[in-house]
Amino acid sequence: GTQYRSVIFYHSEEQKAAAEGVIAELTAKKAFRDAIVTGVEPAAKFYLAEGYHQEYFENNPWQPYCMFVVSPKVDKFRSKFGAKLKAGA
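All residue numbers for the sequence shown refer to this note's numbering, where the first residue is 26 and numbers rise by one.
Structural data, given as structure tokens:
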């Protein structure tokens, strides 16, 4: 559902334009089979989730959802964009 959808929160119009520009570029390149559904929204009050939600994938790699849904997506992302990731990411 949408509560699990990715979102980019921006603090300025420049950040908003940069995020929307990257999404448009990736869409034009057809970098992904499916449409990019990441939202771009203004930053607002943020509430940190409970501790057991933090670093969920890192802490629960053997959960079926992580194994069969998250892991393949992370692997695909790293293979395509690994050179752009920060060290250790």
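Glycine included, every Cβ here is placed at the ideal spot set by N, Cα and C.
Exercise for the section: Please go through the stretch 47-104 and give each complete alpha helix (DSSP H) segment of 4 or more residues, from N-terminal end onward. Expected result: Contiguous alpha helix (DSSP H) elements confined to the stretch 47-104 occur at 81-84, taking only those with 4 or more residues.
Exercise for the section: Kindly identify the DSSP beta-bridge partner or partners of Y35. Expected result: As a working mapping, residue 35 is identified with position 10 in the sequence shown. In DSSP, Y35 forms a bridge with P67.
Practice task
Report yes if the C-beta distance between F34 and E66 is below 8 Å; otherwise report no.
Solution key: As a working mapping, residue 34 is identified with position 9 in the sequence shown. As a working mapping, residue 66 is identified with position 41 in the sequence shown. Yes, the pair counts as a contact, with Cβ atoms nearer than the cut-off.
Problem - Contact set for I61: own chain, Cβ-Cβ below 7 Å, skip 5 residues either direction - result: Position 36 of the sequence shown, counted from the first residue, corresponds to residue 61. Same-chain partners within the cutoff: I48, L51 and T52.
Handout entry: S2 versus E39, T63 and D59, residue with shortest Cα-Cα distance
Key = In the structure as shown, the chain starts at 26 and stops at 114, and residue 2 therefore has no counterpart that could be examined.
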